[in-house]
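The structure under discussion appears below in the form of structure tokens.
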Amino acid sequence: STFSSNSNTRYAWKSTSCISSSRSATIIVPNGGGSIKATYSRQYYLRMEASAGGSVSPSSGWYDEGSTVTIRANAYGGYVFDRWIGSGRGSYTGKSRTATIQVKGPITEKAIFKIPTYTVKFTCSGKPSGESWTVIFNGEVKSSRGSTIYFYNVKRGTYSFLIGTIYDGSGVRYRPTPISGTIKVPGVTSKHVTFKKQYRLYISRNVAGGYTVPSLGEHWYNAGSRVTIEAHAYGGYLFQKWVGSGSGSYTGTSSSRTITMNAPIVETAFFREKPKLFTVTFYRSGLPGGKLWTVKFNGQTKSTTGSCISFSKVKPGHYIWRAYTVSGGFGIRYRPSPSTGTINVQGNVKETICFVEEHRLLMVSSSGGYTSPSAGEHWYRPGTIVWISATPKSSSNPSEYYYTFHRWIGSGRGSYSGTQRTAAVRVDEPVTEKPVFAYHYKVAVWHPGYYTYEGTWVPGHYEKKWVPGHWEKRTRTETYWVKVPHTRWVRKPVYGYRKEPVYGYRWVRKPVCGWYWTYDYWSGWHWEYSCHYEWVMEKYVKYYRTVRYVKDYRWVRETYYTWERRTRTVTYWEWIPGHYEQEWIPGHYEWKKVWHPGYYTYEWQVKYV
């Protein structure tokens, strides 16, 4: 039977000699006695234990000394195998889930299981070099100046994270994407964060007279992005302008504008209260009724035949007004005095414009001299006495021409007509004065020329006549050769092609077998069949070549050429150079036409201008 020496060691029966393999039997004792031998094996107890989270195999039990046992650890869901802790001779301690041990004594093997942990990695790009960035993961805060942040020993589960924004100076920041979120471990163990450069747009206003879009305060936008800013005035206020600072900002009077975020920008919207409005009224004086008169004020021009002109909705301030001259008919006008002025509007204003009646003195221009007053229109009050004078134009060549004053021709009550160079006129009504000057000048009188005919005898003589160079048409006969085609039938071969071997020779080592008369020590002389190798010259095909041969003949029509001599007539042009020829001119009379040229005489004439 099996018996134990202690709780971890025992001896197990294996066999009994001289009897059956069973541990019990009935025997017959022979005469003289005998012996029976029982064989036992030493066994040790293998204790298998497992911590929470898994199971082990095989189960605890007894094993023969020196035997090998394969142990395995199996983790439950949510756990992983960590290590074996063994004690006793032949035990195993290590990280391998499956191990083989040799039982050399009592052994205890305990499998340790644990809840798995992971490493979560955060990486980033786009941040400034050397700048520190921060990650808050599962309540733990870590920062780094590099591009990677690790969180160790993270258990399975879903965790939230938050990435900190990097602020780099006033108005510049780097915003992460994503800025927050959740990570389910172990499904996701890494997260990449991209930092994008942003500039601050700060919106403000001078007074609470309106609202802005975007709203007042600071706003952040990606670098290079375009943002539309708008200003809207409340009732009783007016938008004035935007005042911006920073690259890409806007300064101007447009209420809506798109700016480019090239740098931190500050935009201030300016509002002002709507001003009070007044009425400015202009009255006329000295102008007959029914006349259309005009006033320009604050950029507006108004006309009326009535007694006043009003401009409403005028803001407080200084303004310039202008009144225009009114036509009273032919040669009469009504001039405002003064014609312009400045009004300080701080309330409703009434202004009277005085018109003065004036009559026209028209001095007609002349090419023969000058007048005083100068040529043109001059306006005077009725009854004004004006002295007029005329001065002839000076001459640069008095021997050829000169000017003298002739007379005045006047029209209108109070005008002057006469030969006095200086006279007085009274402008009782529109007056016109025209000066008349005498233009004295020399006139050339032309006496035309005429022809007469005279006869002269010319004796006969030779004259040398020049014949100019010219082209003459000529012909010549030329001989030339012509290539003439002919046809004929020719018997030509038809070729075929075939492959022919090209032979070569080479040495080949071949076996040679036969019966040979030979001698050896044991058998003496005798016939023996044997084989040996000899080098033999062998013929072989090196390659095949293509050979052309005549398969047949056929008749072929071909073209051939011969040279034949021909003639042709060629027309060409020949240049005859210029030359002289002698020509006889017989005696004759020649009538010559004699010209008597015309001539001028000069006389003084007068023209009134």
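Those letters in the sequence shown? Residues 465 to 1073, per the working numbering, in order.
Just so it is clear, CB atoms sit at the ideal spot from N, CA and C, and this is done for glycine as well.
Query - Residue of G699, V813, W981 minimising C-alpha distance to K777 - result: The sequence position of residue 777 within the sequence shown is 313, counting from 1. Among G699, V813, W981, the Cα nearest to that of K777 belongs to V813.
Query raised in the report: DSSP three-state call for Y675: helix, strand or coil?
Result: Start at 1 with the first residue of the sequence shown, and residue 675 comes out as number 211. If DSSP states are grouped into helix, strand and coil, Y675 belongs with the strands.
Report task. Just the C-alpha distance for E1038 and K928, rounded to the nearest angstrom, thanks. Result -> The residue you call residue 1038 lines up with position 574 of the sequence shown. The residue you call residue 928 lines up with position 464 of the sequence shown. Computed Cα separation, rounded: 24 Å.
Query raised in the report: Residues bridged to D1016 by DSSP?
Result: For the purposes of this step, residue 1016 is taken as the residue at position 552 of the sequence shown. Per DSSP, V958.
**Report entry** Cβ pair count under 8 Å reaching 3, the segment 661-681 against the segment 722-732
**Finding:** yes
Query raised in the report: Are the Cβ atoms of V1070 and S831 separated by less than 9 Å?
Result: Here the question's residue 1070 lines up with position 606 in the sequence shown. Here the question's residue 831 lines up with position 367 in the sequence shown. Contact: no.
Query raised in the report: Considering only residues of the same chain and omitting the five flanking positions on each side of T848, which have a CB-CB separation below 7 Å?
Result: By one-based count along the sequence shown, residue 848 stands at place 384. Only V891 meet the Cβ criterion.
Query raised in the report: Is the segment 819-836 close to the segment 762-777, with three or more CB pairs under 8 Å?
Result: no
Query raised in the report: For T480 versus T503, is the C-beta spacing smaller than 9 Å?
Result: The sequence position of residue 480 within the sequence shown is 16, counting from 1. The sequence position of residue 503 within the sequence shown is 39, counting from 1. In contact: T480 and T503 (Cβ atoms closer than 9 Å).
Report task. Within 10 angstroms of the Cβ of V584, are there 16 or more other Cβ atoms? Answer buried if so, exposed if not. Result -> The sequence position of residue 584 within the sequence shown is 120, counting from 1. Label assigned to V584: buried.
Query raised in the report: Quick one, which of R871, W910, T982, D1016 has its alpha-carbon nearest G1062's?
Result: For the purposes of this step, residue 1062 is taken as the residue at position 598 of the sequence shown. The residue with the shortest Cα to Cα distance from G1062 is W910.
Query raised in the report: For R970, is the beta carbon positioned less than 8 Å from some heavy atom of the ligand GDP?
Result: As presented, the structure is devoid of all ligands, the ligand GDP included, so that no description of it is given.
Query - Proximity below 9 Å, CB of A787 to CB of F746 - result: Here residue 787 corresponds to residue number 323 of the sequence shown, with the count starting at 1. Here residue 746 corresponds to residue number 282 of the sequence shown, with the count starting at 1. Their beta carbons are under 9 Å apart, which means A787 touches F746 by this criterion.
Query - Cβ-based burial, A854 [other Cβ within 10 Å; buried from 16] - result: By 1-based counting over the sequence shown, the position of residue 854 is 390. So A854 counts as buried.
Query raised in the report: Taking T804 as the reference, which of P678, F819, R797, Q810 has the closest Cα?
Result: In the sequence shown, residue 804 corresponds to position 340, counting from 1. Looking at the Cα atoms, F819 is the closest of the given residues.
Query - Contacts around Y423, its chain only, beta-carbon distance under 8 Å, and the 5 residues preceding and following it disregarded - result: Coverage of the chain is limited to positions 465 through 1073, which leaves residue 423 absent and any answer about it impossible.
Query - Contact set for Y1024: own chain, Cβ-Cβ below 6 Å, skip 5 residues either direction - result: Your numbering for residue 1024 matches position 560 in the sequence shown. Closer than 6 Å at Cβ, skipping near neighbours: H950.
Query raised in the report: What's the gap between the Cα of V946 and the Cα of I1049?
Result: Your numbering for residue 946 matches position 482 in the sequence shown. Your numbering for residue 1049 matches position 585 in the sequence shown. Computed Cα separation, rounded: 57 Å.
Query - Close-in-space but distant-in-sequence residues of the same chain around Y685 (CB under 7 Å, 5 per side omitted) - result: Numbered from 1 along the sequence shown, position 221 holds the residue referred to as residue 685. So the list reads Q662, Y663, L665, V691, M725, once near-sequence residues are dropped.
**Report entry** Bridge partners - K937, DSSP secondary structure assignment
**Finding:** Locating residue 937 in the sequence shown gives position 473, counting from the first residue. K937 pairs with W1037.
Query - Cutoff 7 Å; reference S711; Cβ partners in own chain excluding five residues on either side - result: The residue given as residue 711 occupies position 247 in the sequence shown. Closer than 7 Å at the Cβ level, and outside the excluded window around S711, lie N726, A727.
Query raised in the report: My guess is that R807 and V744 are in contact by the Cβ rule of under 8 Å, so how many angstroms apart are they, rounded?
Result: Position 343 of the sequence shown holds residue 807. Position 280 of the sequence shown holds residue 744. The residue asked about is misnamed: residue 807 is Ile in this sequence, not Arg. Between V744 and I807 the Cβ distance is about 6 Å, and since that is below 8 Å, they are a contact.
Query - C-alpha gap between H842 and V907, whole angstroms - result: Working through the sequence shown from its first residue, we reach residue 842 at position 378. Working through the sequence shown from its first residue, we reach residue 907 at position 443. The alpha-carbon atoms of H842 and V907 are separated by roughly 39 Å.
Query - Runs of beta strand (DSSP E) lying entirely within the segment 771-798, each at least 3 residues, in chain order - result: 772-778, 781-787
Query raised in the report: Measuring CB to CB, does T920 end up less than 9 Å from K1057?
Result: Position 456 of the sequence shown, counted from the first residue, corresponds to residue 920. Position 593 of the sequence shown, counted from the first residue, corresponds to residue 1057. Against a cut-off of 9 Å, the Cβ pair of K1057 and T920 comes out as no contact.
Query - beta strand (DSSP E) segment containing S608, residue limits - result: The residue given as residue 608 occupies position 144 in the sequence shown. 604-608 is the span of the beta strand (DSSP E), which, as asked, contains S608.
**Report entry** D546, buried or exposed, once every other Cβ within 10 Å from all chains shown has been counted against 16
**Finding:** Numbered from its first residue, the sequence shown carries residue 546 at position 82. Its Cβ being crowded by 16 or more others within 10 Å, D546 is buried.
Report task. Return the CA-CA distance between C977 and H996, expressed in angstroms with no decimal places. Result -> One-based indexing of the sequence shown puts residue 977 at position 513. One-based indexing of the sequence shown puts residue 996 at position 532. Their Cα atoms are separated by approximately 6 Å.
Requested in this report: Evaluate the contact criterion for the segment 521-531 versus the segment 491-498: three or more CB pairs, one atom per stretch, below 8 Å.
Outcome: no
Query - CB contact flag (T1031, T941, <9 Å) - result: As a first step, residue 1031 is located in the sequence shown; it is residue number 567 there, counting from the start. As a first step, residue 941 is located in the sequence shown; it is residue number 477 there, counting from the start. Contact flag set, yes.
Query raised in the report: Is K749 helix, strand or coil by DSSP?
Result: In the sequence shown, the residue the question calls residue 749 occupies position 285. Checking the sequence shown, residue 749 turns out to be Ser, not Lys. Of the three classes helix, strand and coil, the one that applies to S749 here is strand, per DSSP.
**Report entry** Helix, strand or coil at Y638 according to DSSP, with G and I counted as helix
**Finding:** The residue given as residue 638 occupies position 174 in the sequence shown. Three-state result, Y638: strand.
Report task. Using 10 angstroms around the beta-carbon of R973, count the other beta-carbons present and answer buried if the total reaches 16, otherwise exposed. Result -> Your numbering for residue 973 matches position 509 in the sequence shown. Classification of R973: exposed, given that the 10 Å Cβ count is below 16.
Query raised in the report: Between I852, H925, K606, which lies nearest to G1051 when the distance is taken from Cα to Cα?
Result: By one-based count along the sequence shown, residue 1051 stands at place 587. Considering only alpha carbons, the answer is H925.
Requested in this report: Indicate the three-state DSSP secondary structure (helix, strand or coil) for A514 in the structure shown.
Outcome: Position 50 of the sequence shown, counted from the start, is the residue given in the question as residue 514. Reduced to three states, the DSSP call for A514 is strand.
Query raised in the report: Do the segment 573-589 and the segment 549-557 touch if we need at least three Cβ pairs shorter than 8 Å?
Result: yes
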